[in-house]
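Residues are numbered in our numbering as their position in the sequence shown, beginning at 1, plus a constant of 57.
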Amino acid sequence: MAAIPLVDTHVHFHDLRHPKLRYSWLEPEAPLDELTGPDDAIRAQRYWADDFLAETRFHNVAKVVHVQAAIGSDDPVEETRWLQDFAHRLGVPHGIVAHADLSRPDVAHTLDRHAAFANLRGIRDLRHDGYLTDPAWELGYAELARHDLVCCDDPALEEMHDARRLAERHPSITLCVDHAGYPRRRDQAYFERWRTAMRDLARANNVVVKISGLGQADHRWTISSLRPWVLECIEIFGVERAFFGSNWPVDRLYSSYGDVVHAYAEIISDFPEADQHALFHGNAERVFRLAPEEVAA
Numbered sequence: 058m059a060a061i062p063l064v065d066t067h068v069h070f071h072d073l074r075h076p077k078l079r080y081s082w083l084e085p086e087a088p089l090d091e092l093t094g095p096d097d098a099i100r101a102q103r104y105w106a107d108d109f110l111a112e113t114r115f116h117n118v119a120k121v122v123h124v125q126a127a128i129g130s131d132d133p134v135e136e137t138r139w140l141q142d143f144a145h146r147l148g149v150p151h152g153i154v155a156h157a158d159l160s161r162p163d164v165a166h167t168l169d170r171h172a173a174f175a176n177l178r179g180i181r182d183l184r185h186d187g188y189l190t191d192p193a194w195e196l197g198y199a200e201l202a203r204h205d206l207v208c209c210d211d212p213a214l215e216e217m218h219d220a221r222r223l224a225e226r227h228p229s230i231t232l233c234v235d236h237a238g239y240p241r242r243r244d245q246a247y248f249e250r251w252r253t254a255m256r257d258l259a260r261a262n263n264v265v266v267k268i269s270g271l272g273q274a275d276h277r278w279t280i281s282s283l284r285p286w287v288l289e290c291i292e293i294f295g296v297e298r299a300f301f302g303s304n305w306p307v308d309r310l311y312s313s314y315g316d317v318v319h320a321y322a323e324i325i326s327d328f329p330e331a332d333q334h335a336l337f338h339g340n341a342e343r344v345f346r347l348a349p350e351e352v353a354a
């Protein structure tokens, strides 16, 4: 068990039997993601908050932020409703990053409907269609400020400059870069390209980095193989703009939950104690507006 409480900022729950939710990426006919690899082990009928709590109960998880998983649903608010029901029953998730198509002219109404649920904290509009330079999408992005919502995003390396400029145009909105910028390879040449793009993105001081999902392109990862990516994220963004997530249960394909938490703890074990607390829970509590955890000094 980690000595410091963890706010896990990236988990996914699903229920393939839910009548109003669709998970296009988990359906039997969906193609396997070449980067993630064979994922039949997570194409189970369900992964509920109950299942997550049972799996992680010995790992000092203080709070949980759920990130949109129901891709392809007719009404994205149904996922938020479903998650809020878990929160009422179990206390988890503490924060919800929901889905909204930010390019739609009626997106403000969708955001208002999401905001009726107490645990809403952000929006993810996962897409790869030049959205960061689309004026219609940016109009929807601007609407996030009305509800103080974080935007969780996965810009490709070649899009990070556009993401930085977007963030600078909207200084009141926090842009959260998921999965440490989602590095696709682990060779040195790619690392240098990734580092350059991330440094450019970090020039906008309202951009934060979520260190998560690093197993997706490093299926047999070790602490040594994760170390440079974790430390570089912290170096680039500073201790105050970085935090951890597990990407569970997707990253369960490559390790146990405890392995991931232990790796993070080991990599930053020589940091000052205050910095370790910031990375494990303090920053996430601030960014996602979660009540601070009571921890021993």
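Note that beta-carbon positions come from the ideal geometry of N, C-alpha and C, so glycine has one too.
Anticipated Cβ contact below 8 Å, residue i with residue j, distance rounded
i: D142; j: K77; result: Contact doesn't hold; Cβ gap of about 13 Å is too wide.
i: E323; j: I280; result: 5 Å
i: L92; j: Q273; result: 6 Å
i: P99; j: V307; result: Correcting the residue identity first, residue 99 is Ile in this sequence and not Pro. I99 to V307, Cβ: 6 Å. Contact.
i: V149; j: F109; result: 7 Å
i: W278; j: Y311; result: 6 Å
i: H236; j: D211; result: 6 Å
i: H71; j: Y104; result: 5 Å
i: L201; j: W251; result: The Cβ separation is near 26 Å, so there is no contact.
i: L283; j: A320; result: 6 Å
DSSP state of residue i mapped onto helix, strand, coil
i: G152; result: strand
i: F337; result: helix
i: G94; result: coil
i: G187; result: coil
i: R74; result: coil
i: T279; result: coil
i: L83; result: coil
i: W305; result: strand
i: D332; result: helix
i: T137; result: helix
i: D131; result: coil
i: P345; result: The question names Pro, but residue 345 in the sequence shown is Phe. Note: F345 maps to coil in three-state DSSP.
i: Y321; result: helix
i: H67; result: strand
i: A353; result: Its pLDDT being 36, under 50, A353 is placed unreliably in this model, and the coordinates cannot settle the point.
i: R100; result: coil
i: F300; result: strand
i: H218; result: helix
i: L232; result: strand
i: A165; result: helix
i: A119; result: strand
C-beta contact flag for residue i and residue j at 8 Å
i: A261; j: F294; result: no
i: N176; j: A220; result: no
i: V121; j: H151; result: yes
i: N207; j: V344; result: Per the sequence shown, the amino acid found at residue 207 is Val instead of Asn. Cβ atoms of V207 and V344: closer than 8 Å.
i: L223; j: L189; result: yes
i: L271; j: F301; result: no
i: L140; j: H156; result: no
i: F328; j: P285; result: no
i: R360; j: D275; result: Coverage of the chain is limited to positions 58 through 354, which leaves residue 360 absent and any answer about it impossible.
i: Y314; j: T113; result: yes
i: G197; j: V164; result: yes
i: D257; j: H227; result: no
i: V296; j: D332; result: yes
i: K267; j: T66; result: yes
i: L73; j: A106; result: no
i: S229; j: S269; result: no
i: R79; j: A126; result: no
i: R178; j: R346; result: yes
i: A59; j: H116; result: yes
### Touching by the beta-carbon criterion (3+ pairs, under 8 Å), the region 170 to 185 and the region 70 to 87
Result no; under three Cβ-Cβ pairs closer than 8 Å.
### Query
Where in the region 167 to 212 do unbroken runs of the beta strand (DSSP E), each at least 3 residues long, occur, reported from the N-terminal end onward?
DSSP assignment within the region 167 to 212 yields the following whole beta strand (DSSP E) runs of 3 residues or more, N-terminal first: 177 to 181 and 207 to 210.
### Query
In chain order, which continuous runs of the alpha helix (DSSP H) of length 4 or greater are located wholly inside the region 234 to 287?
245 to 258, all fully within the region 234 to 287.
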